[in-house]
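A.B. asks:
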Amino acid sequence: MMRRGTPEADLQRAVVQALRIALPRTAIIHHCANEVTEAGPRGARRQAILVGMGVHAGFADLMVICDGRVLFLELKAPKGRLQPEQEAFRDAVLAQRFGWALVRSLDDALGALADHGFTTRIAPAPRRPAP
6 MMRRGTPEAD
16 LQRAVVQALR
26 IALPRTAIIH
36 HCANEVTEAG
46 PRGARRQAIL
56 VGMGVHAGFA
66 DLMVICDGRV
76 LFLELKAPKG
86 RLQPEQEAFR
96 DAVLAQRFGW
106 ALVRSLDDAL
116 GALADHGFTT
126 RIAPAPRRPA
136 P
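Residue numbers (this note's numbering): 6 to 136.
Structure (structure tokens):
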């Protein structure tokens, strides 16, 4: 299901679709668009507006809220690396005892739900240890 040729965007669409099927209808699956990709002064102004409205650097790609649980999912292509802001966000989330997971595949996303105690209608595939 390649649409744009952007592996992380393609993965995110697939994960969102699967989570909508796997989780109860009451679950909230949210993506916070936290950056402007437009270059130049106009993009900088738009980004400043978003920051003023509460955008947080490094915020995870997806936030899942269901049955009193919160899980942040950071999606990365197979060779993608966390930026320093994303590492700081991860550390802050974990320090507050919320769930956070790095997701590189649909199986990773479903496994993260199971690892963090979410009840789903889909059984996750057996997980390999993280490298």
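Backbone N, C-alpha and C define an ideal beta-carbon position, used for all residues, glycine too.
Kindly indicate the opening and closing residues of the alpha helix (DSSP H) around Phe94.
C.D. replies: Pro89 to Ala100
A.B. asks: Answer yes or no: do Gln101 and Asp66 have a C-beta to C-beta separation smaller than 7 Å?
C.D. replies: For Gln101 and Asp66, no; Cβs fall outside 7 Å.
A.B. asks: Going by C-alpha distance, which of Arg51, Met58, Val69 and Phe94 is nearest Leu115?
C.D. replies: Val69
A.B. asks: Val21 lies in the alpha helix (DSSP H); which residues open and close that run?
C.D. replies: Pro12 to Ala27
A.B. asks: Would you mind sorting Leu78 into buried or exposed? The rule is 16 or more other CB atoms within 10 Å of its CB.
C.D. replies: buried
A.B. asks: So, is Asp72 buried or exposed, given that buried needs 16 or more other C-beta atoms within 10 angstroms?
C.D. replies: exposed
A.B. asks: Can you give the Cα-Cα distance for Gln88 and Thr125, rounded to whole angstroms?
C.D. replies: 30 Å
A.B. asks: Compute the Euclidean distance between the alpha carbons of Ala119 and Val21, then round it to the nearest angstrom.
C.D. replies: Rounded to whole angstroms, Ala119 to Val21 spans 16 Å at the Cα level.
A.B. asks: In the DSSP output, which residue or residues are listed as bridge partners for Arg109?
C.D. replies: Its beta-bridge partners do not exist; DSSP assigns none.
A.B. asks: By the DSSP assignment, the beta strand (DSSP E) with Arg74 in it spans what residues?
C.D. replies: Arg74 to Leu80
A.B. asks: Got a sec, what are the start and stop residues for the beta strand (DSSP E) Val69 sits in?
C.D. replies: Leu67 to Cys71
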